[in-house]
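What follows is a short report on a single structure.
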Amino acid sequence: MAAVTAHGAPTLPRSSAWLLLTPALAMFILFFAVPFLTMATMSVLSGNPMVVPNPRFTTRHFERILDDVYYLETLWITVRLGLSTTIVSLLIGYPLALWLARARSRTTRTLLMMAVLAPMMMGLVVRTYAWLAMYSNRGVINGSLAWLGLTDEPIQFLGSEAAVVVALAHIYVPFMILTLSGVIARIDTRLEEAARGLGASSAAAFLQVTLPLSMPGILAGSLLVFALAISAYVTPIVIGNYNIQTLPMLVYQQISSSFNLGFAAALGIVLLIVALLLVGAYNRVMARAPGAA
Numbered sequence: 032m033a034a035v036t037a038h039g040a041p042t043l044p045r046s047s048a049w050l051l052l053t054p055a056l057a058m059f060i061l062f063f064a065v066p067f068l069t070m071a072t073m074s075v076l077s078g079n080p081m082v083v084p085n086p087r088f089t090t091r092h093f094e095r096i097l098d099d100v101y102y103l104e105t106l107w108i109t110v111r112l113g114l115s116t117t118i119v120s121l122l123i124g125y126p127l128a129l130w131l132a133r134a135r136s137r138t139t140r141t142l143l144m145m146a147v148l149a150p151m152m153m154g155l156v157v158r159t160y161a162w163l164a165m166y167s168n169r170g171v172i173n174g175s176l177a178w179l180g181l182t183d184e185p186i187q188f189l190g191s192e193a194a195v196v197v198a199l200a201h202i203y204v205p206f207m208i209l210t211l212s213g214v215i216a217r218i219d220t221r222l223e224e225a226a227r228g229l230g231a232s233s234a235a236a237f238l239q240v241t242l243p244l245s246m247p248g249i250l251a252g253s254l255l256v257f258a259l260a261i262s263a264y265v266t267p268i269v270i271g272n273y274n275i276q277t278l279p280m281l282v283y284q285q286i287s288s289s290f291n292l293g294f295a296a297a298l299g300i301v302l303l304i305v306a307l308l309l310v311g312a313y314n315r316v317m318a319r320a321p322g323a324a
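If you use this note's numbering, the sequence shown corresponds to residues 32 to 324, in order.
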């Protein structure tokens, strides 16, 4: 028989609650815990245990990463791309999320939601190659600049870090908008009205009321976009034109070309550790922001 809370609502027995959680726990263990433990194990073994009998414990994969400037520079480029993409997505996504959350007309909200979700209906590869067509020497951007007489020769956008950041921001900004709009929609607009009634300007009311109260959405959206950006593979290759190396690209190269599973696993572990450290630091900074509580 189900128990009843103090408010009269029935609660499930603990055994039934765990039974309901079983599918989610099984998915988590099967698709996250097991692959992560396998990768962590491979990163500290001298060889593949499926091929090399009795492999030894070693830290040479991590020492190779720390001793070679090339891998450290690649790590910094990967993190820099993630941070730049997150900042651009936040600057573009926050006004759109605010507009979406505060739109009074249902038609306007529907059209805005369709505009946000429409790019996500297409595959990542399709959107990436669309930017390839935009950036090419005879693409839309160079063609427009030449038609306006602003350039005599095509600008080489492909292979630049800025082009990769813009493409990544276009791909991942919907995640920022959807995360922010849900948080902003729950902010009581009467708080801003009260601030303006006390003499604050619209800008001051936004900076002192709406922005601090939307910090949880900023944090969640930023972490989501950052995690997606540092793990991107197709877009940096296609738009970066192999001039920009990222850790996911190195992991693929180590597996596909030399089949060095241990070193590829160590690269993945290093990227995960750095990402977790940055996420933790960002979380602490945002938690100390005014009104974050």
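For each residue, glycine too, the CB sits at the ideal point set by N, CA and C.
Since the model is a prediction, treat every value here as computed from it, not as a measurement.
Looking at C-beta atoms only, is the number of pairs between the stretch 141-148 and the stretch 227-246 that lie closer than 8 Å three or more? Not touching, per the Cβ criterion.
Margin query: Is the separation between the beta-carbon of S77 and that of P86 shorter than 9 Å?
Written below: As a working note, residue 77 is residue 46 in the sequence shown. As a working note, residue 86 is residue 55 in the sequence shown. A contact, by the Cβ cut-off of 9 Å.
The stretch 274-292 contacting the stretch 128-140, beta-carbon criterion three pairs below 8 Å:
Taking a contact to require three or more Cβ pairs closer than 8 Å, the stretch 274-292 and the stretch 128-140 do not qualify as touching.
- Query: Does DSSP classify M32 as helix, strand or coil?
  - Reply: For the purposes of this step, residue 32 is taken as residue 1 along the sequence shown, with counting starting at 1. Note that M32 has pLDDT 46, beneath the 50 cutoff, so the model's placement of it is unreliable and no number is given.
- Item | Cβ distance (whole Å) where L189 is taken to contact T182 below 8 Å | Against the sequence shown, residue 189 aligns to sequence position 158. Against the sequence shown, residue 182 aligns to sequence position 151. Not confirmed; about 15 Å, so no contact.
- CB contact flag (A71, I261, <9 Å): The sequence position of residue 71 within the sequence shown is 40, counting from 1. The sequence position of residue 261 within the sequence shown is 230, counting from 1. Contact: no.
Three-state secondary structure (DSSP) at F17?
Outside the shown range of the chain, which is 32 to 324, sits residue 17, and nothing can be said about it.
**Report entry** Boundaries (first-last residue) of the alpha helix (DSSP H) holding L222
**Finding:** Along the sequence shown, one-based indexing puts residue 222 at 191. Counted as a single uninterrupted DSSP element, the alpha helix (DSSP H) harbouring L222 occupies residues T220 to G228.
**Report entry** Rounded separation between S289 and R135 - CA only
**Finding:** As a working note, residue 289 is residue 258 in the sequence shown. As a working note, residue 135 is residue 104 in the sequence shown. Taking the straight line from one Cα to the other gives about 58 Å.
My parser needs the alpha helix (DSSP H) runs of 4 or more residues fully inside the stretch 179-263; what are they? Counting whole runs of 4 or more residues, the stretch 179-263 contains the alpha helix (DSSP H) stretches 192-216, 220-228, 233-236 and 246-261.
Between L61, L50, N79 and P54, which lies nearest to I286 when the distance is taken from Cα to Cα?
-> Numbered from its first residue, the sequence shown carries residue 286 at position 255. Nearest of L61, L50, N79 and P54 to I286, Cα basis: N79.
By the DSSP assignment, the alpha helix (DSSP H) with S167 in it spans what residues?
Sequence index remark: in the sequence shown, residue 167 carries index 136 (1-based). No alpha helix (DSSP H) holds S167; DSSP gives it neither H nor E.
Please name the residue, chosen from F257, Y125 and G271, that lies closest to G248 on a Cα-to-Cα basis.
-> Counted from its first residue, the sequence shown places residue 248 at position 217. Distances from the CA of G248 to each of F257, Y125 and G271 were compared; the closest alpha carbon is that of Y125.
Notebook entry, point to check: Could you give the distance in angstroms between the alpha-carbon of V310 and the alpha-carbon of L254?
Noted result: Walking along the sequence shown from the start, residue 310 turns up at place 279. Walking along the sequence shown from the start, residue 254 turns up at place 223. So the two alpha carbons sit approximately 7 Å from each other.
### Task
Express the C-alpha separation of I96 and A251 in angstroms, rounding to a whole number.
Locating residue 251 in the sequence shown gives position 220, where the first residue counts as 1. Locating residue 96 in the sequence shown gives position 65, where the first residue counts as 1. Distance between the alpha carbons of A251 and I96 is about 30 Å.
Subject >> Burial state of M81 (16 or more Cβ within 10 Å) >> reply: Against the sequence shown, residue 81 aligns to sequence position 50. Under the 10 Å beta carbon count, M81 is surrounded by fewer than 16 other beta carbons and is classified as exposed.
How would you label W162, buried or exposed, when you count the other beta carbons within 10 angstroms and need 16 or more for buried?
The residue you call residue 162 lines up with position 131 of the sequence shown. Buried.
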